[in-house]
Amino acid sequence: MSISRRELFKHAGSGFGMVALADLLRTQDLLLPPEGLAEASVADPLSPRPPHFPARAKSVIWIFINGGPSQVDTWDYKPELEKRDGTELKGFDKFTGFFANAVGPLMKSPFEFKQYGECGKWVSSLFPYLSQHVDKMAFIHSGFTESNNHSPALFMMNCGVPRMGYPCIGSWTTYGLGSPNRNLPAFVVMSDPKGRGLPKGHALNWGAGFLPSVFQGTWLRPKGEPIPNLRRPAHMTDAQQRRQLDLLVELNQQHLAAHPAEKDLAARVDSFELAYRMQTAAPEAFDIRSEPGDIKQLYGLDTPHCSHFAAQCMQARRLVERGVRFVQIYSGGMANQRSWDGHADIEGNHGGFALETDQPVAGLLADLHQRGMLDDTLVIWGGEFGRLPIAQKGKKPGRDHNPHAFTTWFAGGGAKGGVSYGETDEIGHRSVVDRVHVNDIHATILHLLGFDHEHLTYRHNGRDFRLTDVAGRVVKEIVV
Amino acid sequence: MVRIAHPLAILLLATGLVAVPQETERDHAARMAKSRDVFKDHVRAIIAGRCLKCHGGEKVSSDFDLSTRKGLLAGGRKGVAVVPGDTGRSRLLKQLRHESDPFMPKKGAPLSDEKIARIAEWIALGAAYDKPLIDPKAAPNGKEVSDADRDFWSFRPLVRPTPPRAMAMADKGWVRTPIDRFIRARQQRKGIAPSRVADRRTLIRRAVFDLTGLPPSPDEVDQFVKDKDPDAYGKLIDRLLASPHFGERQARHWLDVARFAESHGFEQDYDRPHAYHYRDFVIKALNQDIPYDRFVQWQIAGDELAPDEPLAMMATGFLGAGVFPTQLTEKEFERARYDELDDMVSTLGTGMLGLTIGCARCHDHKFDPIPTSDYYRLLATFTTTIRSEIDVVLDPAADARAKIQYEREHATLVVARDRFEREQLPTKLERFLASRAKSKDPGWEILQVKSFVSTGGAGSERLRDSSLRITGKNARFDKYSIVVTTQSDSLTALRLEALPDAGLVRQGPGRASNGNFCLTDLKVTATPLIGGGDPVAVELVSAKASFEQKGLAVDRVIDDDKKSGWAIDPQFGKRHSAVFEFGKSVGFSGGTLLKITLDFQCNTRHNIGRLRISVTDAKRPVPINLGGPPRPITELMRLPAKRRTPKQTAMLLTWFRTENLELQELDRKVREHRVPKPRVARVMVCSEGYKPIKHHADGRGFPHFYKQTHHLRRGDSAQKGPVAKQEFLRVLTRAPEGVKHWRVPPQRGARTSHRRAALARWITDVEHGSGSLLARVIVNRLWQHHLGRGIVTTPNDFGAQGARPTHPELLDWLATELIRNGWRLKPIHKLIMTSAVYMQASDRDAPLAADVSDGLFCRQAPRRLEGEIIRDALLSVSGELEPTMFGKGTLNEASKRRSIYFMIKRSKLIPMMVTFDLPEPLVSQGRRSVTTVAPQALLLMNSPRVRGYAKSFATRIAATKDPVIAGYRFALARTPTDTERRRALAFLQQQAKSYREAGEADPRGLALVDFCQTLFGLSEFIYVD
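Keeping their order, the protein sequence lines are chains A and B. Read in order, the letters of the first sequence correspond to residues 201 to 680 in the numbering used here. Read in order, the letters of the second sequence correspond to residues 1339 to 2363 in the numbering used here.
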């Protein structure tokens, strides 16, 4: 009896899905009505919908190099910096970084650079694993941003403006695309599981801003149950909960029948069935124990210094495999030694965090590639800004923040392999050739996802907002 | 010394990009002059005509700004475009010649060869400008504001419309208020009939949720349903409007508008622990029905308009409720300040006026008549406004009453003491002297302390009894040096008294956290008072004390161990004395100066709090006792009463005053009866001239505000125009003299500028300012909350981009009604809620799919409750709601108070609230989105907290005659139908059976909890019909 009823509701659910889709298409056509979704009281805001044009990438995995990785110690090889090691950088504005009173001389990278791949990319010794994949990567060396301070720069990189309160790129993506798998959240964020905290600005980095809160990132709790309320009450068996749910759904159906004009009441009926399915679907997606041994080895799951990041990268792949749109993994937590924010001892700091991430991210690229998923999964490696080529004075020298230059790379999802775009000056201080603003990076990501960034908008308090504010150029040079 | 001619050269050298051509200074000057001429004669026109629009005029494509030479040379995202004096390396020329991508100009025909040649010549000579193409210093007036602009519907002055006449007889029966005539008229034009009146059960549930945000109790429902009074409904509304829960419900709507939160946001998201007063202000103001114009004025300038009114001070929290970075670099100081000011202006704009003023920050508003210049002039209102935390006196009137009461009581105490002193003390003195004559007192001479020095930085205060109260800093380990003098020349012992004092913990006598002290060392030196000489160390041979703490005896003071000493635990609050005998008698003829050092090295902060020094010349061994007046008194004491002069008796009485315990007690009552302190609260306010709230970047010299704010080009604080002077939006100003119309110059020496007061007057001025719009916006908000949809569906945008009112006349009628009622909101609530349109049923016999979106209001729209109200309803139905109002909020989700008392910390929003669409408190929100998603269902199915509410609910109804009926009545304000009841009973039976089979201890109890939880999951539970 209960099975047939369940079947019935399944059909009711899919029928409803059509209604919701039509509703959303209507609202999208209007670029959403004034004051947002409230107007339409949109029933299922996450039902899948097509982008503006055929997409290269269906999903994004962003390895967020939190704290600001140093370009000259990673991917942006600067022989001239080595030559001028120890000399003063004349005319340097001491307020460029965070510590105006610790400005040191130019400092060469403590890491050795070698060429890799068919493209002959120079890569530092920080990345013995990732350097094997340079032919899959499109480097942007000429990135620059608008703040020399973590949280504004993080907001800039995530939300397109260096201020609080704007929707982040994951929210824009799910707002634009919905999600093909309604049993899982569409946008997932993983933070440091080693107790080093959240990135500065906390959850606002994956907030939905003025978009409906349904589009915010689902933050997985690093300890315990990753998502709250997935486990049914302890005393209940599945059958007992099902019986309870059947009663609930039946009563809600009766209520719906008395209010046939209310679309969101239909959505409510559906949402309970969906929740019921999520109880099993979500834990299954997060559970990496079932992965074969060679895959675990590929990511470095059994290697102590990187097993935590390996687990997160494996989960990211499993989520994307199941239709999750946007996954962000933060490497490191708060500022200073707790993230890539190498103010002191750049060698030890970057060395440590590279060791934590190099093999897992390389494993992720290889795994996506061998499954044929890399074609429509965009992997991004990058942080909120770069670091200065000069030393930050201290017992062991570090490097201070640099808003004028950073390197980021794309792999898969329609990005070219083995290309480099843009240049910094010969010491890696400022980006000078083919400069790429953060808005340009966002425009490019949205382009790969099938959006014209100027037309993915949301009307709020009288203005049509977009991720790229009033700027943005697609870096077509790195797009296949 | 090598002189580099051009600052630019330094820049280029520094970046290592360009070698500077060798050139003499004079050559250079000549070439630049020539270049300038070419610019004036030819190049300026070319750039202005073909390039500037995209590169520096209306926008800055590719970050390449041609409006100044600095911008030209800085290049854009593609790098350097022009190298002065080097045409070969000037990429711009290649682009103009269509040799290099992207070709320029992007639109229209390529430049003629002649024009390109002029530009090449100009670059070759040095690319000089005579002046910028856009003067960054020019006072921008922006676009003009015309009378046509002022004629836009929302900017027009209010005129009271006449409600349309109801035409048909049937309508006369339907219409209850003038509101209904407006609504009915539009329905008639569309040929649509209104809905019937909802049944009473529906009405009371709707009204109670709308006004108080809580479900009605079953008794409340019964009473109303049975009430025969024709005005039962009107009385119900009155009762609900008077409920304290009214403010709690309505305040939440306004807090959304005010983007209210209690933390800074950004990096650390520090708490604003005193910001909750703003929330309390909103609740109280709405409960007291403070007129809306004053409600608005206080939020802008309560500190200037009503500084003695605590609610007005708390109201200013509105301005500072936005986010602010807690970590700033020097580069960000000014930009952050402009962002902060923008937040104030934008929130005021959308929240109070329904105008997107913030859109005019970088350019003239694209759709509304708000030039950028108006934006910066309005922003100048807040130039010196900052967040501060101050003590606000909560109830000045009560304080004044308390002071009068105090003075009355104090006078009584003084009279009692004086009478005792006058009438009883002399007798008591004689009695004391008589009894004393029999005792053998060695006669302690109490010495006046001449100087006191503490190495730990403590101070001292000399008291009437010649003792010394130690005050101020209580160092970890202190050392006192005390100087006293005596006329005696044969001193045999020194007495140190440690005295109790009301100001000490447990009355001391020590300053330690338990009232103890520990004296570790005492040294005495003696010097002749006359003639001086080297101090002579006094040998101390024995020590005894009135009481000694176990293990800390007084002889430890004179041993060699610096750390051992004398303490008195547990004899706190008592007088203690220690007597130190000298090896041989000490003193000089002509008087002796003694320097006494007391060391406290045993335990931290164990220093004596009040002490007194005496000496004696009595024969050794000197006994310990607790009495002993000073020498002149002891001499007087020997005189029989009859031989004393009145003056001598007076001296004795003065001394005896300090000895008599009864008088001491009376005196203490007078002394300790202090003026009652006014009740104050630490409040976050937004004002001027108070100390700003501390900021991380204070150490870097963050100024918190700048004395002047400027017109900015493209909103960029690096591109300053002239100083902006306060004015208001021209489109809403109908006084030719502008701001002066509202400005009342502050008194000399005033703390604040009173610019905000002027704004507060303008914004509420119906005749000359923006009062009409202010009234329209608020009545629309109230309408929206009661009908589920505004007359204007964009409550925060009444501008050109916003929606037009479906019923403009009704909106204006309500706005004039508000003003006629003295801006009180409660009458408007009642007016709307007693209208036929509000009282309609939500279900129609023949559903109209498009009715809601058409805004015909031909039925009530079912509405889902907000997250806060859902939780409040869960707490209320389960009988767990804790009704305490006001005060500090909490982040503890286990709290049983109403959800409005959750602290709103931006990085830690309460998950359940967010799941049910709580907006992020970052910008003003005019209406919430309503989504229906699986996490909401998961929460209701599996959250242990919701399960807990269900358990309490089950306990509440388990004992009733029919728990199913009781459950329905509590949760849904109705009884179940027979089918529903049968279905529920079947469920309970099956579920209990299954639990029994599983061996659960209380199968029926568990089944009932499951049922209660099911009720929470019903759409009917979280929707209001």
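We put the beta carbon where it would ideally sit given N, CA and C, even for glycine.
TODO: Check whether the Cβ atoms of His-629(A) and Ala-643(A) sit closer than 9 Å, and answer yes or no.
DONE: no
TODO: Out of Ile-1808(B), Cys-2350(B) and Gln-1606(B), point me to the one whose CA is closest to Arg-1800(B)'s CA.
DONE: Ile-1808(B)
Open item on the list: Less than 9 Å between the beta carbons of Gly-1640(B) and Arg-1725(B), yes or no?
Closed with: no
Open item on the list: For Gly-1464(B), count the other beta carbons within 10 Å of its own beta carbon; 16 or more makes it buried, fewer makes it exposed. Which is it?
Closed with: buried
Open item on the list: Is the beta carbon of Tyr-375(A) closer than 9 Å to that of Ala-353(A)?
Closed with: no
Open item on the list: Would the region 1424 to 1432 of chain B count as touching the region 1452 to 1468 of chain B if we require 3 or more Cβ pairs under 8 Å?
Closed with: yes
Task: Proximal residues to Gly-662(A) (C-beta, below 7 Å), its chain only, five neighbours per side dropped - done: none
Open item on the list: As a quick exercise: from Asp-1839(B), Leu-1867(B) and Arg-1833(B), pick the residue whose alpha carbon is nearest that of Ser-1884(B).
Closed with: Arg-1833(B)
Open item on the list: Would you call the region 2296 to 2313 of chain B in contact with the region 2346 to 2361 of chain B, where contact means no fewer than 3 C-beta pairs closer than 8 Å?
Closed with: yes
Task: For Arg-2094(B) and Glu-2065(B), the rounded distance between their alpha carbons - done: 11 Å
Open item on the list: Classify Gln-515(A): buried if its beta carbon has 16 or more other beta carbons within 10 angstroms, exposed otherwise.
Closed with: buried
Task: Cα-Cα separation, Pro-1648(B) to Thr-480(A) - done: 55 Å
TODO: Tell me whether Tyr-621(A) sits in a helix, a strand or coil according to DSSP, three-state version.
DONE: strand
TODO: Go ahead and label Asn-2230(B) buried or exposed: buried means 16 or more other beta carbons lie within 10 angstroms of its beta carbon, across all protein chains shown.
DONE: exposed
TODO: Just confirm the distance between the C-beta atoms of Ser-1533(B) and Gln-2351(B), as a whole number of angstroms; I'd bet it's less than 8 Å.
DONE: With a Cβ gap of about 33 Å, Ser-1533(B) and Gln-2351(B) do not count as contacting.
- [ ] Would you tell me roughly how many angstroms separate the C-alpha atoms of His-604(A) and Arg-1715(B), rounded to the nearest one?
- [x] 33 Å
Open item on the list: Could you compute how far the alpha carbon of Gly-583(A) sits from the alpha carbon of Ile-261(A)?
Closed with: 13 Å
Task: Validate contact between the region 1492 to 1502 of chain B and the region 2107 to 2116 of chain B using beta carbons, cut 8 Å, 3 pairs - done: yes
Task: Reduced DSSP category for Lys-463(A) - H, G, I as helix; E, B as strand; rest coil - done: helix
Task: Residue environment, Glu-2000(B), which counts as buried when at least 16 other CB atoms sit within 10 Å - done: exposed
TODO: Could you tell me which residues DSSP puts in a beta bridge with Thr-1930(B)?
DONE: Thr-1824(B) and Pro-1866(B)
TODO: State the DSSP-derived secondary structure class of Thr-607(A), mapped to helix, strand or coil.
DONE: strand
Open item on the list: Check whether the region 2280 to 2292 of chain B and the region 445 to 459 of chain A are in contact - that is, three or more C-beta pairs closer than 8 Å.
Closed with: no
TODO: Indicate whether Val-1462(B) and Met-1370(B) have their beta-carbon atoms separated by less than 9 Å.
DONE: Looking at the sequence provided, one finds Ala at residue 1462(B) rather than Val. It is not a contact, given that the beta carbons lie outside the stated cut-off.
- [ ] Compare the C-beta of Val-2268(B) against all C-beta atoms of chain A and say whether one is closer than 9 Å.
- [x] yes
TODO: Indicate the three-state DSSP secondary structure (helix, strand or coil) for Pro-2060(B) in the structure shown.
DONE: strand
Open item on the list: Let me see if you follow: with CB-CB separation under 9 Å, is Val-180(A) close to chain B or not?
Closed with: Outside the displayed span of chain A (201 to 680) sits residue 180(A), for which this structure offers no information.
TODO: Whole angstroms is fine: what's the gap from Asn-349(A)'s alpha carbon to Ser-1400(B)'s?
DONE: 24 Å
TODO: Look at the alpha carbon of Pro-1345(B) and the alpha carbon of Gly-291(A), and state the distance between them as a whole number of angstroms.
DONE: For Pro-1345(B), the predicted structure reports a pLDDT of 45, less than 50, and the residue's modelled location is therefore unreliable. A value from the coordinates is still provided. Rounded to whole angstroms, Pro-1345(B) to Gly-291(A) spans 11 Å at the Cα level.
Open item on the list: Helix, strand or coil, according to DSSP, for Pro-234(A) in the structure here?
Closed with: Residue placement at Pro-234(A) is poorly supported in this model, since its pLDDT is 29, which falls under 50; the coordinates are not used for a value here.
Open item on the list: Please tell me whether Phe-2325(B) has its Cβ less than 9 Å away from any Cβ of chain A.
Closed with: yes
TODO: Closer than 7 Å by C-beta to Leu-1890(B): which residues in its own chain qualify, once you throw out the five before and the five after it? Chain order, please.
DONE: Cys-1856, Gly-1903, Trp-1904 and Ala-1905
Open item on the list: Bridge partners for Tyr-2093(B) per DSSP, in chain order?
Closed with: Reading off the sequence, residue 2093(B) comes out as Arg, not Tyr. Arg-2093(B) is not bridged to any residue.
Open item on the list: Quick check: the region 450 to 469 of chain A against the region 2258 to 2271 of chain B, are at least 3 beta-carbon pairs closer than 8 Å?
Closed with: yes
Open item on the list: Rounded to whole angstroms, what is the Cα-Cα separation between Gly-586(A) and Asn-266(A)?
Closed with: 11 Å
TODO: Note down, in chain order, each residue of its chain lying with its Cβ closer than 6 Å to the Cβ of Ser-2055(B), except the 5 sequence neighbours on either side.
DONE: Glu-1672, Arg-1673 and Tyr-1676
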